[in-house]
Amino acid sequence: MHCQYILQLSLLTLLSLPGTLAQTWSVWYRDRDRTTVICASKGSSVVLDCTYSHPAAQIVRRKIWFTPRGNTKLDGSQQGDGVYNTSGVIMPRYSGRTEFYDQDNNCTLKLNNVTEDDRGRFFFRFEANGPGQLHQGFTGSWGVDLTISVLSLKLNENGPVKERDHVTLACTSTCNPPQMEFLWFKDGRPLPGVSSVHGGQYPLGPLSPNDTGSYSCGLGQGTSTPILLDVRYAPRDVSVKVSPSPEVVKGSRLTLTCSNNANPAAETYTWFQRSGPLLSLRLGTGKEHTFNEIDSDDSGLYFCMAQNALGSQNSTEQEVKVRESAHLIVVLAALGALFLVTAVIVVLYIYIKRRKWNTAEQKLPTKPVPQIQKATLSRPEDIYENMRQSAKPITDPDDMNYAELNISPAPSPRRQLNNKAEDDDAHVYSQLQTH
C-alpha cells in the first residue's frame, strides 16, 4: 500500500515538471495501442490520422511518410519508399496524390486515388535538432496498415439459367463493413436505372435472352472480376435461306439453309415440303438440304424445324420456283418468231395479189350495158328451145339482146349423201339473136 502511494506521487511529480513526458519524442496514429487498419476501395481517398510531439528545445527539420521497401522490417526502424517528404525525394507513383496537414503537431496525410499498389503499411517520421546538436529522428512504431478492397461477385443459381428464371447477384468485399455503396455494371456499363443497391445484392428476373452478358460490381472506382450470366432459351427466329436464289433453272443446284437463334445451339434440324393445307412431306435432317439437279416437280413451299434441349420452332415457309432452261426458252422463242414472220409474209402476199387483181379490173374498157330482159326459165327444155329459135347468125353486136336467166338446179346426189344441201342461184347470161 505504501509502495503504491509512492508510485502515484512520483508520476504526479513527473507530469508537473516541464520538459518531461509532455515534451518527449512520440508519434501517435488513430489507434494508439495497435496498428491502425484502413480498408479502401480502388480509386477512393484515405486519411492517415497522425499527431507527434518532441522536446521544446528541438526544431523539426524534416517530416516524412514512407512505406517499408522489400523485405525491410515493418516496425518503422528501416526507411523505405518515400510517400511524402518536406525536403527530400518521394516515389514517382505518389507524386501529386498526397495532401499533408502540417499544422501544430498534426502530421495527418491524405492519399488520393488509391491503387492496388498502395497496399501496405505506412509510417510517419520526423527529424529535429537543438542548438549545436546533430539531427535526431523518431518514427512512430505502430504505423497504418492500408488494405485495398477485393470485390467478389457470385450468382445464387448453381445450375444453368433459363429464360424466365429469377436470379440474384451477390457482391462481397474484404472491407467489412464496406465504406461505400455498391455499383452494378453489365458489359462494363452501369445498369439502366440503377445507380447503387444497398446490401450487396442485385435481383434479376424474369430473365430474357437480352439479359445475357458480363456482370460486375464496384466500390468507388474498383470493380470485381466479371462473371458471365448465360441465359438459355429454345430456338427462335427460325428462317430458311435459299442459295443461289428462290427461282432457279431446271437442272441447277439449290441449297436450303435453316437459320435460327438458340442457346444452346440447335441440335436437330428437320426439313419439310408442304403437300397440302394441313399436310407436309418430311424430306430429311441437317442444317442444309441440297438439290443437286432440281426438277420442275420440286417447285413448292419448304420449311424447317430447329430443336434443342429446351424446345423447338418451325420456320416460315419459303417458296421455290423451278423454270425451264434458257436454251429451251430460246428455241421456243425462235420458233414463235419464225411462225410470226411466216404469217406476216403470207398476209402480205395475199394483200399484194388482191391489189393486182383490183388494178387489172379497173383497167378493162367499159361500155353501156344494154337493157336486159329478164326471163325465168325453170326447165332446161325452155332454154334449149329458146336457143333453137335463135339460129340466125348475129352480124351486128348492137342487135344483141341480153336476158337474165334464173336456174334452179336439181339437188346433187353427192350432196344428198353428204347431208349438205345447198341452194345455189346461178345467173346465166346468154347471147340471143333477134331477128
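In case it helps, mature numbering (1 follows the signal peptide of the UniProt record, and there is no 0) puts the sequence shown at residues -22 to -1, 1 to 413.
All C-beta atoms, glycine included, are put in the ideal place defined by N, C-alpha and C.
Length of the line joining the Cα atoms of residue i and residue j
i, j, result
"residue 127", "residue 151", "6 Å"
"residue 291", "residue 185", "20 Å"
"residue 310", "residue 302", "11 Å"
"residue 194", "residue 93", "18 Å"
"residue 40", "residue 21", "29 Å"
"residue 268", "residue 232", "6 Å"
"residue 226", "residue 219", "14 Å"
"residue 313", "residue 320", "11 Å"
"residue 31", "residue 197", "37 Å"
"residue 334", "residue 322", "19 Å"
"residue 67", "residue 60", "7 Å"
"residue 315", "residue 330", "23 Å"
"residue 162", "residue 241", "25 Å"
"residue 258", "residue 287", "24 Å"
"residue 273", "residue 216", "26 Å"
"residue 101", "residue 120", "8 Å"
"residue 256", "residue 294", "15 Å"
"residue 210", "residue 246", "17 Å"
"residue -2", "residue 116", "Residue placement at residue -2 cannot be trusted, given a pLDDT of 40 that sits under 50; what the coordinates show is reported in the next sentence. Answer to the nearest angstrom: the Cα atoms are 15 Å apart."
"residue 178", "residue 164", "15 Å"
"residue 141", "residue 263", "27 Å"
"residue 338", "residue 318", "31 Å"
"residue 82", "residue 200", "35 Å"
"residue 248", "residue 137", "29 Å"
"residue -13", "residue 11", "In this predicted model, residue -13 has a pLDDT of only 37, less than 50, meaning its place in the structure is not dependable; the value taken from the coordinates is given anyway. So the alpha carbons of these two residues sit roughly 24 Å apart."
"residue 7", "residue 167", "40 Å"
"residue 428", "residue 38", "Coverage of the chain is limited to positions -22 through 413, which leaves residue 428 absent and any answer about it impossible."
"residue 143", "residue 192", "17 Å"
"residue 110", "residue 159", "55 Å"
Identified DSSP bridge partners for residue i
i, result
"residue 18", "126"
"residue 284", "247 and 291"
"residue 153", "Note: residue 153 sits in no beta bridge, so no partner."
"residue 230", "BP columns for residue 230 are empty, so no partner."
"residue 259", "251"
"residue 198", "None; residue 198 has no bridge partner."
"residue 214", "239"
"residue 420", "With the chain covering -22 to 413 only, the question about residue 420 has no answer from this structure."
"residue 115", "105"
"residue 2", "Looking at the DSSP assignment, residue 2 forms no beta bridge with any residue, so it has no partner."
"residue 221", "233"
"residue 38", "106"
"residue 24", "89"
Local conformation of residue i per DSSP, three classes
i, result
"residue 165", "coil"
"residue 120", "coil"
"residue 274", "helix"
"residue 241", "strand"
"residue 337", "helix"
"residue 314", "helix"
"residue 191", "strand"
"residue 332", "helix"
"residue 178", "helix"
"residue 206", "strand"
"residue 13", "coil"
"residue 50", "coil"
"residue 148", "strand"
"residue 29", "strand"
"residue 320", "helix"
"residue 296", "strand"
"residue 399", "With a pLDDT of 40 at residue 399, under the threshold of 50, the predicted position of this residue should be treated as unreliable, and no value is reported."
Proximity test, residue i beta-carbon vs the ligand MN heavy atom, cut-off 6 Å
i, result
"residue 265", "The ligand MN is absent from the structure shown, which contains no ligands of any kind."
3 or more residues per run - each beta strand (DSSP E) lying fully within the segment 59 to 101 | The segment 59 to 101 contains these whole beta strand (DSSP E) runs: 59 to 63, 76 to 81 and 84 to 89.
contact_flag[the segment 224 to 241, the segment 281 to 301] where n(CB pairs < 8 Å) is 3 or more | Contact holds: three or more Cβ-Cβ distances are below 8 Å.
Do the segment 261 to 281 and the segment 292 to 302 make contact, defined as three or more Cβ pairs closer than 8 Å?
-> Cβ pair count under 8 Å is three or more, so yes.
Just checking, does the segment 131 to 148 make contact with the segment 188 to 206 on the three C-beta pairs under 8 Å criterion?
-> Contact between the segment 131 to 148 and the segment 188 to 206 is present, because at least three Cβ pairs lie under 8 Å.
Would you check if the segment 82 to 100 and the segment 9 to 24 touch, i.e. whether three or more CB-CB distances between them fall below 8 Å?
-> Segments in contact, yes.
At least three beta-carbon pairs within less than 8 Å, the segment 61 to 80 to the segment 7 to 18 | The segment 61 to 80, when compared against the segment 7 to 18, does not touch it at the 8 Å Cβ threshold.
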